[in-house]
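Engineer:
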Amino acid sequence: MPPVVGRASTTWVRTLLRMSTSHSSMAQHQPPRPSASLIVVNKHNEILLVQRNHAARSFGGMHVFPGGNVDKTQDQSLTMTAIRETFEESGLLLASSASDTTALSSLSDSLLDEARHAIHQQKLNFQTFLTSHDLKADLGSLLPFTEWITPVGAPRRFHTRFYVVFLPASPSSGFSSGAKQDRIPKPDGGREVIAARFLHPIEALTEFQKGEISFMPPQFYILSTLADILQGTTNTREQRACVEALSSGLFGRMVINPLRLREDEDGRTILTYEGDESRGGPNGRLHRVFFKIGKAGAVNEMSLVRNFDIFSEIDAQAHNIPPKL
């Protein structure tokens, strides 16, 4: 797939322009908050995206995968965080019967909506909700798909683990295609998510190219990766096997710390990722994104360059792969 160009929010651009070009100053900053995000793929190879409210404190107006910070009072794992946040933000519940006696489809939309709002407002514990309906979160269906650490200099930093899950292979309740408008109440009475919809990754990148939607670098990177695999509008066993191979290999455990390098001769800012020749990779190895800032500080061009095979040419040391526990 050729490089994709498009527009993005100025929030992360300002961060990139002022952030450190090395890891030397990272110790002077607060550690990033642990979080999780879920890349939900339906049978049409469409991916669930939610749009953040423009007034949100983080990533306002941007299209992201559902997800959020770990809640120690509700989450026993990052996978639980991903499933809980997806339910809160989109209404899609990835769960199954704990004893084969309860059909998830028997839960009414009104009950699910009431529960997700109560969970978001800290009035109901997610695990308590599942247990009371003889349900268990479908944690085993989540496939690790890289980790990302927000650059130093950002007002809020996150260490986010991304997961892929396929529908309808996982029992689920909630919408699994199309689009819907939704407003999730926050404790302060504000609004966090204003819309949710399924888009094919190629369609999402095309909208990004036209400036109709905006992404953060992780979403741009992951969608670009999946666009090469999820060809067509019918999800196949071979496509799922490719994603599973990436997840179980070094790619799935790669921890990406974006670093600004410099501007090229065309005035584009270069942001490098692990394994790039400037980051310990072999000479000629490129793992980076180029972006150009237009008028009013908006990014009007962004392209990913990755000239190696992510299935077989990832070096554990150069690509910052943590050891398996």
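Each residue of the sequence shown is one higher than the one before, starting from 1 at the first, in full-length UniProt numbering. The beta carbon of each residue, even a glycine, is placed where N, CA and C say it ideally should be.
Which of the three DSSP states is assigned to S141 in this structure?
Structural biologist: It is helical.
Engineer: Let me make sure I understand the geometry here. Which of I213, F290, Q317, V243 has the alpha-carbon closest to that of R52?
Structural biologist: The option with the nearest alpha carbon to R52 is I213.
Engineer: Please report the residue range of the beta strand (DSSP E) in which R33 lies.
Structural biologist: That run of the beta strand (DSSP E) goes 33-41.
Engineer: Between the C-alpha atoms of L259 and T272, what's the straight-line distance to the nearest angstrom?
Structural biologist: One C-alpha to the other measures close to 5 angstroms.
Engineer: Suppose you measure from the CA of F65 to the CA of E244; what does that come to, to the nearest Å?
Structural biologist: Distance between the alpha carbons of F65 and E244: 19 angstroms.
Engineer: Can we say the segment 103-120 touches the segment 142-160, given the rule of at least three CB pairs closer than 8 angstroms?
Structural biologist: Contact between the segment 103-120 and the segment 142-160 is absent, because fewer than three Cβ pairs lie under 8 angstroms.
Engineer: How do the segment 200-216 and the segment 66-73 stand: do at least 3 beta-carbon pairs fall below 8 angstroms, yes or no?
Structural biologist: Contact fails: fewer than three Cβ-Cβ distances are below 8 angstroms.
Engineer: Mind checking which residues open and close the alpha helix (DSSP H) that includes I222?
Structural biologist: Note, I222: alpha helix (DSSP H), 217-229.
Engineer: With a cut-off of 8 angstroms on the beta carbons, I'd call I194 and M254 a contact; round off their distance for me.
Structural biologist: Not confirmed; about 31 angstroms, so no contact.
Engineer: Could you tell me if D188 is buried or exposed, where buried requires 16 or more neighbouring beta carbons within 10 angstroms of its beta carbon?
Structural biologist: Here D188 scores only 35 on pLDDT, less than 50, and its place in the model should not be relied on; the value that follows carries that caveat. It is exposed - the Cβ of D188 has fewer than 16 other Cβ atoms within 10 Å.
Engineer: Taking the Cβ atom as the reference point for each residue, do L49 and A227 lie within a distance shorter than 9 angstroms?
Structural biologist: No, they are not a contact pair.
Engineer: Nearest to S224 by CA position, among R285, F166, S132, I310, is which residue?
Structural biologist: For the residues R285, F166, S132, I310, the minimum Cα distance to S224 belongs to I310.
Engineer: Under a Cβ-count criterion, where at least 16 other Cβ atoms within 10 Å of its own Cβ denotes burial, should N235 be classed as buried or exposed?
Structural biologist: With 16 or more Cβ atoms within 10 Å of its Cβ, N235 is classed as buried.
Engineer: Under three-state DSSP, which class holds F87?
Structural biologist: Residue state, collapsed to three classes: helix.
Engineer: So, helix, strand or coil for T269, using DSSP?
Structural biologist: Here T269 sits in strand by DSSP.
Engineer: With a 10 Å radius around its C-beta and 16 neighbouring C-beta atoms as the bar for buried, classify E201 as buried or exposed.
Structural biologist: The displayed chain sequence assigns Pro, not Glu, to residue 201. P201 should be labelled buried.
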